[in-house]
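Protein chains in written order, with my numbering: chain S, 697 to 964; chain V, 685 to 1007.
A virtual CB, placed ideally from N, CA and C, is assigned to each residue, including glycine.
What you are looking at is a predicted structure, and each value in this text was computed from that prediction instead of being measured.
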Amino acid sequence: MSTMLELTGVNKTFNPGTINEKQALLDINLKMEDGDFVTVIGGNGAGKSTMLNAVAGVWPIDTGSIIIGGENVTALPDYKRAHLIGRVFQDPMMGTATTMQIEENLALAARRGKTRTLRWQVTDAERAEYRERLKILGLGLEDRLTQKVGLLSGGQRQALTLLMASLRKPKLLLLDEHTAALDPKTAKKVLEITREIVEKDHLTALMVTHNMRDAIQTGNRLIMMYEGRILYDISGEEKKNLTVEDLMHKFEEASGEEFSDDKSLLSK
Amino acid sequence: MNVMIAARGALRFGDLLGNIPAGVAQGIIWGIMALGLYITYRLLEVSDLSVDGTFTTGGAVTVMLILAGWNPFAAVFVAFVAGMAAGTCTGLLHTLLGIPAILSGILTQFALWSVNLAIMGFAANKALNVSKYTLMISSRNIQMAIITGLIIAAVLIGIMYWYFGTEHGSAMRATGCNPEMAKAQGINISVMKVIGLALSNGIVAFSGGLMAQFQGFADINMGKGAIVIGLAAVIIGEVAGDAIAGKKLNFAGRLSFVVVGGILYYLTVVIVLWLRLNSNMLKFFTAIIVAVFLAIPNLTNYSKNSFSRAGKNSLKYVNGKEN
């Protein structure tokens, strides 16, 4: 087994020296092995999405190192890390180019991190492959390859973005509350598709969620964050037996605060 | 003197017909310019104001090189390269120095005023002796000018259709449509924007070179308002395309209608001149035409989706009766 993600001593402070100064990440250490599916849970402002953005390279970190698939990417901006990372965003509008066709979006993703040449953007062989892959989603998108993505629903777009993120096998799949903007039924379906794709392609994934039940039922390891720190890290058998009540108890114990749905905005 | 009417006399329909071919030829050249603008305005979603300067740059470079004995084809090619250089400046001001795109364009345009004068040896205009040179396109032979213009437009549309269908071109479209998504796919959006601005301004300068040949001179003011005329062509073309061919039009079809838009725009100019309206008022009318066409999509949306209509509909519920 090889290490797919290694965060060592990662710190990030936003707006340092101003009245809005915020220590967003505090000495984050995290190691993910090949095939790990880690769910990240925590309240608003806990640093979940911030940690994902640090890994994705949205902005540079203050101190520490980020190593993905053995490559030190700390100095690289997001587009130079893209060859290692597949991303799905919270906002269904963010992951796709809406004025472009479904097959054009897939072709863009199939060349993630590669040099864009003056070859035609999508070949017939690829088109056949996309059709097969889209069939697995069970959303009927395989017959709509040349339609604009803008015509798809939020759930369909998230499913498509998932497919795009995994089309070229990433060292790490980053899922940033990718079901949060969907209605409960669609969210469930997209989460199912997520589990299937991660399992089938044997992906290493890091998934942020607000939903404690999803966090417990998904993946092989769970991390709880609070005020920029990792409070709690649980995996294996222990995670399998975890309940929502355990999680709430752990939260109170570690943070020294009484658990309140209002404060943390976690949902059971 | 009347502000609106330039001269008195009967309007003769024959005069209008006689002026249409020249209007079409100039419309095609502005249509080619609008193809360049389409790259920034529609595909990169940037309003690039450098074009007012680069159109003149193209004209100035072309005329000076032809005067120096260059082949006109080579001259417009150099004009294209000069336009690309200017577009690169706008792109770097925007991406490297973080200046908003619209301001970057204004700065480049402003600087180009001096550069263009310098190219023309600090003269406000330079004339070509049309009978002395074999030009690509000239108002001396309108029929040939129209044919040549259409061939050039067709070749350019073909090249653009091909490029924006390649991996590189689709990455540029993704950059304009959704920069976050583009970055997640490993696309360097700064580089894409610079290349897009360079290509766009290259085409604009190229069309400026054609215009200078057509009219037989380059003038420091020839690019003034090019952005507005280009926008007029793009928008009129889109409205006409939707009306004639419907929403199913493919990319090449939409580009073709941009050139049609340039022609339609210039025909309205011909009509305005035929009506003996003061040509100094032309910019005023152009602004109105562009404003109307820019407003059409919004106005049709308002009519389907308006508060006043919702209010009227609500009355039957408030009053509790069907009427």
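Taking the Cβ atom as the reference point for each residue, do residue i and residue j lie within a distance shorter than 8 Å?
{"i": "residue 814/S", "j": "residue 852/V", "result": "yes"}
{"i": "residue 748/S", "j": "residue 904/S", "result": "yes"}
{"i": "residue 904/V", "j": "residue 705/V", "result": "no"}
{"i": "residue 911/S", "j": "residue 737/S", "result": "yes"}
{"i": "residue 861/S", "j": "residue 741/S", "result": "no"}
{"i": "residue 779/V", "j": "residue 884/V", "result": "no"}
{"i": "residue 906/V", "j": "residue 743/V", "result": "yes"}
{"i": "residue 977/V", "j": "residue 889/V", "result": "no"}
{"i": "residue 732/S", "j": "residue 917/S", "result": "yes"}
{"i": "residue 835/S", "j": "residue 854/S", "result": "no"}
{"i": "residue 771/V", "j": "residue 738/V", "result": "yes"}
{"i": "residue 868/S", "j": "residue 902/S", "result": "yes"}
{"i": "residue 796/S", "j": "residue 785/V", "result": "no"}
{"i": "residue 893/V", "j": "residue 745/V", "result": "yes"}
{"i": "residue 1040/V", "j": "residue 790/V", "result": "Given a span of 685 to 1007 for chain V in the structure shown, any question on residue 1040/V remains unanswerable."}
{"i": "residue 705/S", "j": "residue 759/S", "result": "yes"}
{"i": "residue 836/V", "j": "residue 709/V", "result": "no"}
Could you work out which residue in the options is closest to residue i when comparing CA atoms only?
{"i": "residue 768/S", "options": "902/S, 808/S and 700/S", "result": "700/S"}
{"i": "residue 757/S", "options": "739/S, 712/S and 880/S", "result": "712/S"}
{"i": "residue 773/S", "options": "844/V, 864/V, 788/V and 847/V", "result": "864/V"}
{"i": "residue 822/V", "options": "1003/V, 900/V, 963/V and 712/V", "result": "900/V"}
{"i": "residue 744/S", "options": "923/S, 930/S and 951/S", "result": "923/S"}
{"i": "residue 786/S", "options": "909/S, 858/S, 914/S and 866/S", "result": "858/S"}
{"i": "residue 818/V", "options": "776/V, 753/V and 766/V", "result": "753/V"}
{"i": "residue 876/V", "options": "891/V, 896/V and 854/V", "result": "854/V"}
{"i": "residue 779/S", "options": "716/S, 805/S and 760/S", "result": "805/S"}
{"i": "residue 912/V", "options": "801/V, 718/V and 979/V", "result": "718/V"}
{"i": "residue 931/S", "options": "919/S, 941/S and 896/S", "result": "919/S"}
{"i": "residue 881/S", "options": "856/S, 794/S and 850/S", "result": "850/S"}
Does any residue of chain S bring its CB to less than 8 Å from the CB of residue i?
{"i": "residue 731/V", "result": "no"}
{"i": "residue 851/V", "result": "yes"}
{"i": "residue 937/V", "result": "no"}
{"i": "residue 870/V", "result": "yes"}
{"i": "residue 696/V", "result": "no"}
{"i": "residue 864/V", "result": "yes"}
{"i": "residue 929/V", "result": "no"}
{"i": "residue 734/V", "result": "no"}
{"i": "residue 882/V", "result": "no"}
{"i": "residue 867/V", "result": "yes"}
{"i": "residue 861/V", "result": "yes"}
Just the C-alpha distance for residue i and residue j, rounded to the nearest angstrom, thanks.
{"i": "residue 842/S", "j": "residue 811/S", "result": "24 Å"}
{"i": "residue 730/V", "j": "residue 939/V", "result": "18 Å"}
{"i": "residue 918/V", "j": "residue 925/V", "result": "10 Å"}
{"i": "residue 984/V", "j": "residue 931/V", "result": "15 Å"}
{"i": "residue 954/V", "j": "residue 703/V", "result": "7 Å"}
{"i": "residue 856/V", "j": "residue 936/S", "result": "46 Å"}
{"i": "residue 626/V", "j": "residue 927/V", "result": "It is not possible to answer for residue 626/V, since the shown part of chain V is limited to 685 through 1007."}
{"i": "residue 763/V", "j": "residue 899/S", "result": "52 Å"}
{"i": "residue 941/V", "j": "residue 920/V", "result": "8 Å"}
{"i": "residue 967/V", "j": "residue 909/V", "result": "8 Å"}
{"i": "residue 960/V", "j": "residue 711/V", "result": "20 Å"}
{"i": "residue 810/V", "j": "residue 804/V", "result": "7 Å"}
{"i": "residue 951/S", "j": "residue 998/V", "result": "53 Å"}
{"i": "residue 933/V", "j": "residue 816/S", "result": "20 Å"}
{"i": "residue 839/V", "j": "residue 848/S", "result": "35 Å"}
{"i": "residue 879/V", "j": "residue 716/S", "result": "37 Å"}
{"i": "residue 994/V", "j": "residue 1002/V", "result": "12 Å"}
{"i": "residue 829/S", "j": "residue 866/S", "result": "16 Å"}
{"i": "residue 809/S", "j": "residue 872/V", "result": "10 Å"}
{"i": "residue 751/V", "j": "residue 946/V", "result": "29 Å"}
{"i": "residue 848/V", "j": "residue 992/V", "result": "43 Å"}
Based on the DSSP output, what are the partners of residue i in its beta bridges?
{"i": "residue 903/V", "result": "809/V"}
{"i": "residue 719/S", "result": "709/S"}
{"i": "residue 857/S", "result": "Note: residue 857/S sits in no beta bridge, so no partner."}
{"i": "residue 768/S", "result": "763/S"}
{"i": "residue 733/S", "result": "901/S"}
{"i": "residue 921/S", "result": "738/S and 926/S"}
{"i": "residue 784/S", "result": "871/S"}
Is the CB of residue i under 8 Å away from at least one CB in chain V?
{"i": "residue 765/S", "result": "no"}
{"i": "residue 747/S", "result": "no"}
{"i": "residue 843/S", "result": "no"}
{"i": "residue 803/S", "result": "yes"}
{"i": "residue 735/S", "result": "no"}
{"i": "residue 822/S", "result": "no"}
{"i": "residue 873/S", "result": "no"}
{"i": "residue 826/S", "result": "no"}
Quiz item: When Cβ atoms are compared, which residues of the stretch 965-993 of chain V fall closer than 7 Å to chain B?
Solution: Structure shown: chain B not included; protein chains present are S and V.
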